[in-house]
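Okay, so the sequence shown: first residue is 1079 according to this note's numbering, each after it adds one.
By construction, the Cβ of each residue, glycine as well, lies at the ideal position given by its N, Cα and C atoms.
One structure below.
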Amino acid sequence: MMLEQVFPILFIVVMYLLVFLFILFLGYQVVRRAVRDGVLDARARIKELEEPWPSVDEPGAHPSAQQ
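Structure (structure tokens):
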């Protein structure tokens, strides 16, 4: 093979590799954002559950607690 024939093939391989790596990077960013948002949402839910519950006598109590 002559050198002039190798360069176009090498260029195509490098371009495919760059596109593949870019798509992989975008997928990583999407998954990272989803996991981070999920963790933050879970922390907010835990914090909400850790708040003291209203007493049975208070008007904001859960209906099942008032029975």
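DSSP state of residue i mapped onto helix, strand, coil
{"i": "Glu-1126", "result": "helix"}
{"i": "Met-1080", "result": "coil"}
Sequence-distant residues of its chain with Cβ nearer than 6 Å to residue i (five each side left out)
{"i": "Val-1092", "result": "none"}
{"i": "Ile-1090", "result": "none"}
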